[in-house]
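Report on one structure; see the data block that follows.
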Ligand SMILES: [Cu+2]
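See the structure below:
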């Protein structure tokens, strides 16, 4: 019984920590780059007899998501083979899979022609399910604990001999981080101004510069972002109801595009966009009254608007009600968006925007604060047990509604639809936030540990969408502990 519980605990830890989450699939050496495909995927807790303690410790100290390879079965030169899909193994016959010692490896298998197949690695006692029909797929994972060169092959009688065999090379040592030319465009979720609280209305000047820059989308992957103030999302703007907001919008001289800004907090045509369509090097000023308290999105509104938004041109403005919001210990700023690239998720190099995918709403990437791993490996959220935490959460989109959820927590208060003048909903698990909208969630964090921000449409975690809230403090066993209750069940 104890062993079973420990195993379950290990599986849960893996499930809730490794999910494509992070993005520490750092692609390292030159050799690794030539042999590795990646499209980080779900952690399938496939290690049959995991050591629970070891898994928990490693999960608490490092967050790694799997190194992922996708193989499709097919026929080549009259032989049955595996064909690499995506990344650096794309198109290769029986590709050599290069893995670093200790990595969690995920292999996706797609049936390309309709015969029965599987993938087996004897030395790791790792195997996939058998895929039967054409286009059927499966996935499995294992931890590369042994260094060496091992065969992967199809165990259906005769298939290995017919050609379905390749190598997995496990080399010692950790993967070195890959240098990326792209700028860091991630907005630190702790980067927002403090509460305004009590003060009379005044004129508030807001400076926004539209900047186009090549930024880091993922390890080894860049994208030409269009930003407000060089980060995604744009600067968090904080005013109070009754303030006069004077927006100075400047379009950087080296921009290629025109840009503008539409404030959902403003009342008037285009939210200001009509007054702010500016060419590179130009500046425009628009002034509006903050008439209604709430948390609002702002975004670029230059055609194609969807293109400008997907490229990073969105942010939040909080119009505090008279006296401000209830005090909390920590506030964070998180926004969700999706990117439409020509190249498949996980491809390295410079991505290009795909207009056809954009207008047919087929994104490759989903991100919090602009890039894969933004809130996991590079800027996780930090808090202490016993503190109250508030997240201002908005969706830039341009198209996908978020089912915002914090794994392991319950929101004490949710300002539904961003309304701060309606009573907040209490004790909420998941909040629906459409594009161009925002919400505020408050909660007291009772127990130390790590918690995971997700869109509970969890397939998106496989395309980059996850964040961590790391809470320092006692892991209060009364609230949750591994194993049976202290008092026997009735
Ligand atoms: Cu723009």
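Residue numbers (my numbering): 61 to 550.
Even for Gly, the Cβ is constructed at its ideal location relative to N, Cα and C.
The structure presented is a predicted model; accordingly, all values stated were derived computationally and were not measured.
6 Å Cβ shell around residue 92 - same chain, five flanking residues per side excluded: Counting from one through the chain shown, the residue named residue 92 turns up at place 32. In this prediction, residue 92 has a pLDDT of 34, which is less than 50 and means its spatial position is unreliable; what the coordinates show is noted afterwards. Hits under 6 Å: 158.
Sequence ranges, alpha helix (DSSP H) only - wholly within the segment 351-432, length at least 4: Qualifying alpha helix (DSSP H) stretches, in chain order: 365-370 and 415-419.
beta-carbon residue 360 near ligand 1 non-hydrogen atom, thresh 7 Å: What you label residue 360 is simply residue 300 of the chain shown in a count that begins at 1. Checking the Cβ of residue 360 against ligand 1 gives yes.
Contacting residues, own chain, Cβ-Cβ under 6 Å from residue 251 (five flanking each side not counted): Here residue 251 refers to the residue found at position 191 of the chain shown. Counting only Cβ-Cβ distances below 6 Å, and skipping sequence neighbours, we find nothing.
Heavy atom of ligand 1 within 7 Å of residue 317 beta-carbon: Here residue 317 corresponds to residue number 257 of the chain shown, with the count starting at 1. Within the cutoff, so yes.
Candidates 154, 230 and 188: closest to residue 163 by CA position: Within the chain shown, the letter at position 103 stands for residue 163. Nearest C-alpha to residue 163: 230.
Any non-hydrogen atom of ligand 1 closer than 7 Å to residue 368 Cβ: Along the chain shown, read from residue 1 onward, the residue named residue 368 stands at position 308. Flag set: Cβ of residue 368 near ligand 1.
Sufficient close CB pairs (3 or more, under 8 Å) joining the segment 372-379 to the segment 434-450: no
Heavy atom of ligand 1 within 7 Å of residue 287 beta-carbon: Taking the chain shown and counting its residues from 1, the one referred to as residue 287 is at position 227. Not so, every heavy atom of ligand 1 lies at least 7 Å from the Cβ.
Residue ranges of each beta strand (DSSP E) within the segment 166-222, 3 or longer: 197-203 and 208-213
Stretch-stretch touch, CB-based, cutoff 8 Å, three pairs: the segment 256-276 with the segment 296-308: yes
Residue 373 Cβ short of 7 Å to ligand 1 heavy atom set: Counted from its first residue, the chain shown places residue 373 at position 313. Correct: residue 373 has its Cβ closer than 7 Å to ligand 1.
Ligand 1 heavy atom lying under 7 Å from the CB of residue 7: Outside the shown range of the chain, which is 61 to 550, sits residue 7, and nothing can be said about it.
Nearest residue (CA-CA) to residue 507, options 150, 469 and 334: One-based indexing of the chain shown puts residue 507 at position 447. Checking every option, the nearest Cα to that of residue 507 belongs to 469.
Alpha-carbon spacing of residue 430 relative to residue 288, whole angstroms: For the purposes of this step, residue 430 is identified with residue 370 of the chain shown, where counting begins at 1. For the purposes of this step, residue 288 is identified with residue 228 of the chain shown, where counting begins at 1. The alpha-carbon atoms of residue 430 and residue 288 are separated by roughly 12 Å.
Through-space distance from residue 126 to residue 426, alpha-carbon basis: As a working note, residue 426 is residue 366 in the chain shown. As a working note, residue 126 is residue 66 in the chain shown. Taking C-alpha positions only, residue 426 is separated from residue 126 by approximately 18 Å.
Three or more C-beta pairs below 8 Å linking the segment 295-303 and the segment 337-355: yes
Integer-rounded CB distance, given that residue 517 should sit under 8 Å from residue 452: Locating residue 452 in the chain shown gives position 392, counting from the first residue. Locating residue 517 in the chain shown gives position 457, counting from the first residue. So it is not a contact: roughly 21 Å between Cβ atoms.
Three-way DSSP call (helix, strand, coil) for residue 519 in this model: Looking up residue 519 in the chain shown gives position 459. Residue 519 falls in the helix class under three-state DSSP.
Inter-residue Cα distance where the pair is residue 405 and residue 128: The residue labelled residue 405 in the question sits at position 345 within the chain shown. The residue labelled residue 128 in the question sits at position 68 within the chain shown. The straight-line gap from Cα to Cα measures roughly 12 Å.
For residue 132, the nearest candidate out of 210, 165, 214 and 203 (CA to CA): As a first step, residue 132 must be located in the chain shown, where it is residue number 72. Comparing Cα positions, the closest option is 214.
Residue 262 classed as buried or exposed, judged by whether at least 16 other C-beta atoms fall within 10 angstroms: By one-based count along the chain shown, residue 262 stands at place 202. Per the 10 Å Cβ criterion, exposed.
Which listed residue (448, 486 and 344) has its alpha carbon closest to that of residue 318: Here residue 318 corresponds to residue number 258 of the chain shown, with the count starting at 1. Of the candidates 448, 486 and 344, the one whose C-alpha sits nearest the C-alpha of residue 318 is 344.
Complete runs of the beta strand (DSSP E) confined to the segment 255-302 [at least 3 residues]: 263-278, 281-288 and 297-300
Residue 515 versus residue 170 - alpha carbon distance: Here residue 515 is taken as the residue at index 455 of the chain shown, counted from 1. Here residue 170 is taken as the residue at index 110 of the chain shown, counted from 1. Their backbone Cα atoms lie some 26 Å apart in a straight line.
6 Å CB neighbourhood of residue 500 in its chain, flanking five on each side removed: Residue mapping note: residue 500 aligns to position 440 of the chain shown, counting from 1. Once the five neighbours on either side are set aside, the close Cβ partners of residue 500 are 355, 452 and 475.
Burial state of residue 311, where buried means 16 or more other Cβ atoms lie within 10 Å: Within the chain shown, the letter at position 251 stands for residue 311. It counts as buried.
Residue 412 to residue 471 span [Cα, whole Å]: Within the chain shown, numbered from 1, the residue matching residue 412 stands at position 352. Within the chain shown, numbered from 1, the residue matching residue 471 stands at position 411. Whole-angstrom Cα-Cα distance: 38 Å.
C-alpha gap between residue 519 and residue 258, whole angstroms: Residue numbering aside, residue 519 sits at position 459 when the chain shown is read from its first letter. Residue numbering aside, residue 258 sits at position 198 when the chain shown is read from its first letter. Those two C-alpha atoms are separated by around 43 Å.
Exposure of residue 272, with buried meaning 16 or more beta-carbon neighbours within 10 Å: For the purposes of this step, residue 272 is taken as the residue at position 212 of the chain shown. Residue 272 is buried by the Cβ-count criterion.
Beta-carbon gap between residue 176 and residue 233 smaller than 8 Å: In the chain shown, counting from the first residue as 1, residue 176 sits at position 116. In the chain shown, counting from the first residue as 1, residue 233 sits at position 173. Not closer than 8 Å, so no.
Helix, strand or coil at residue 470 according to DSSP, with G and I counted as helix: In the chain shown, the residue the question calls residue 470 occupies position 410. Assigned with DSSP and collapsed to three states, residue 470 falls in coil, not helix or strand.
Residues of its chain near residue 336, where Cβ-Cβ distance is below 6 Å and the 5 sequence neighbours each way are ignored: In the chain shown, counting from the first residue as 1, residue 336 sits at position 276. Within the same chain, residue 336 has close Cβ partners 309, 320, 321, 344 and 346.
Contact test: residue 336 Cβ vs ligand 3 heavy atom, cutoff 7 Å: This structure simply doesn't include ligand 3; it includes ligand 1 instead.
For residue 509, the three-state DSSP class (helix, strand or coil): Counting from one through the chain shown, the residue named residue 509 turns up at place 449. DSSP places residue 509 in strand when its eight states are reduced to three.
Any non-hydrogen atom of ligand 1 closer than 7 Å to residue 270 Cβ: For the purposes of this step, residue 270 is identified with residue 210 of the chain shown, where counting begins at 1. Yes, Cβ of residue 270 sits closer than 7 Å to a heavy atom of ligand 1.
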